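A short write-up of the structure that comes next.
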Amino acid sequence: MYIVDAEKGDLLWKASGNTGDDADLVVADMKFSIPSSPKAIDLDGDGVTDVIYVGDLGGQVFRIDLDKKAVANAGIAKRVRLIAKVGQTESATLANQRRFYEPPAVATFKDSAGQLFATVAMGSGYRSRPLNAITDERFYTFFDKDVVKPNLMAMADADLQAVITTSDLAVLDLNSTTIQDEGVDTTKKGWFIDYPEAGEKSLASGFIFSSRLVFSTYSPVQSVTSNCSPVKGQTNLYTVCMPYGKLCATTKTDPSFTGYKKSNTMAGLGGEPQLMLIKKDDGTLGYTVLTGTTLDAGIFSDLDPNSAKLVPSKKWREKSSKD
Ligand SMILES: [Ca+2]
């Protein structure tokens, strides 16, 4: 993990799992590749990144705590903390060799006691082998109760939340009407969904907006008609109410969804769902989720974008050489 000066390119800080790398921080748990983009989070909205989350190919998730008061480059990050492990460092079986290729969606919520915590939501998926059905891929939401603490910089590592493993998590059973109505056990440190289809996996990041988590999966359904026809697969779309995994009211009444899931939104790989604010034919605005080539207006149909005024209307054109 490198932090460099964006203007000059100078190396400012480095963390590595290898003691021979002359790193500012040697992190023994950093022993797998990290193809994912790091997810930089500005928790207090002051324009300065506070923490970075990133997963690796060993099914581990790290949080890098940045120290904005650091006086020397070596102190830019206070620590690189392993916050969860749900892959081969927890269990070495082939089914458990989960890999994180995509950055998480992160948001903060309050629990019933009014305590802030962060949700770190990300799915596993063997991107190098999209047809693989041996790994038991999952979508996770980890609860990070440390990141919101005002004294995070001063805390001793021994006082931080223990590394989350599978037994710390609730299972979000997609078919449980109790969970659909009430959510998972709130005393757990998060939850996961076991993807129901063979080979179903995450190949894109999701997003969290208005307490709703939206993410897509790729399912390599074999619709082979002859020996030479390609495996096309399909994209599924999920919507989960945060933070405890209830079924959202709009999803419940949307006939295109069965529970949390809309199956086969498009053939092939749809990629990352994106939230769009679009003008409808009647001139009103509406939130729509774009996944690949498909639009989904139902998920945020209860929101009034005209009163939210989140996105000012703008017009633009490209300058030509005649300008
Ligand atoms: Ca900040």
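Everything in the sequence shown is counted per the numbering used here, starting at -15 for the first residue and increasing by one. Even for Gly, the Cβ is constructed at its ideal location relative to N, Cα and C. Remember, predicted model here, so these are calculated numbers, not experimental data.
Whether residue i touches residue j by CB criterion (7 Å)
| i | j | result |
| --- | --- | --- |
| Leu100 | Val55 | no |
| Lys(-2) | Ala7 | yes |
| Pro87 | Ser189 | yes |
| Thr275 | Thr234 | no |
| Tyr244 | Val224 | yes |
| Leu144 | Asp130 | yes |
| Ser108 | Glu121 | yes |
| Met14 | Gly4 | no |
| Gly114 | Pro204 | With the sequence shown as reference, residue 114 is identified as Pro, and Gly is not the correct amino acid for it. In contact: Pro114 and Pro204 (Cβ atoms closer than 7 Å). |
| Leu259 | Met226 | no |
| Ala117 | Ala76 | no |
| Lys230 | Gly270 | no |
| Phe123 | Lys173 | no |
| Val35 | Asp49 | yes |
| Ala91 | Thr103 | yes |
| Asn98 | Arg82 | For the sequence presented, residue 98 should be read as Gly rather than Asn. No, the pair does not count as a contact, with Cβ atoms beyond the cut-off. |
| Thr125 | Trp175 | yes |
| Pro289 | Leu261 | yes |
Whole-angstrom C-beta distance between residue j and residue i, which should lie under 8 Å
| i | j | result |
| --- | --- | --- |
| Tyr228 | Thr201 | At roughly 21 Å, the Cβ-Cβ gap does not stay under 8 Å, so Tyr228 and Thr201 are not in contact. |
| Val64 | Phe46 | 6 Å |
| Leu41 | Pro19 | 7 Å |
| Lys69 | Val11 | Not a contact, Cβ separation roughly 13 Å. |
| Met137 | Lys23 | Not quite, the Cβ-Cβ distance comes to about 20 Å (not below 8 Å), so this is no contact. |
| Gly43 | Phe84 | 7 Å |
| Thr119 | Leu158 | The Cβ separation is near 19 Å, so there is no contact. |
| Ala105 | Ile192 | 7 Å |
| Thr219 | Gly252 | 7 Å |
| Ser195 | Leu287 | The pair is not a contact, with the Cβ atoms about 11 Å apart (cut-off 8 Å). |
| Ser285 | Thr170 | Incorrect: roughly 27 Å between the Cβ atoms, too far for contact. |
Endpoints, beta strand (DSSP E) assigned at residue i
| i | result |
| --- | --- |
| Ala61 | 61 to 69 |
| Lys263 | 258 to 263 |
| Asn248 | 245 to 251 |
| Tyr271 | 269 to 275 |
| Ile(-13) | -14 to -12 |
| Asp280 | 278 to 280 |
Host alpha helix (DSSP H) of residue i (start-end)
| i | result |
| --- | --- |
| Ala233 | 233 to 237 |
beta-carbon residue i near ligand 1 non-hydrogen atom, thresh 6 Å
| i | result |
| --- | --- |
| Asp130 | no |
| Val90 | no |
| Val55 | no |
| Val224 | no |
| Val35 | no |
| Asp49 | no |
| Asp120 | no |
| Val32 | yes |
| Asp26 | yes |
Fill in: Sequence ranges, alpha helix (DSSP H) only - wholly within the region 154 to 220, length at least 4
Listed in chain order, they are 161 to 166.
Worksheet item: Whole beta strand (DSSP E) runs in the region -10 to 24 with 3 or more residues, listed along the chain?
Response: Complete beta strand (DSSP E) runs here, min 3: -5 to 0.
Worksheet item: Unbroken beta strand (DSSP E) runs of length 3 or more, entirely within the region 95 to 153: which are they?
Response: Every unbroken stretch of the beta strand (DSSP E) spanning 3 or more residues and falling wholly within the region 95 to 153 is given here in chain order: 100 to 107, 122 to 128.
Practice prompt. Could you pull out every unbroken beta strand (DSSP E) segment of at least 3 residues lying fully inside the region 36 to 63, listed in chain order?
Written response: Taken in chain order, the unbroken stretches of beta strand (DSSP E) that lie wholly in the region 36 to 63 and span 3 residues or more are 44 to 50.
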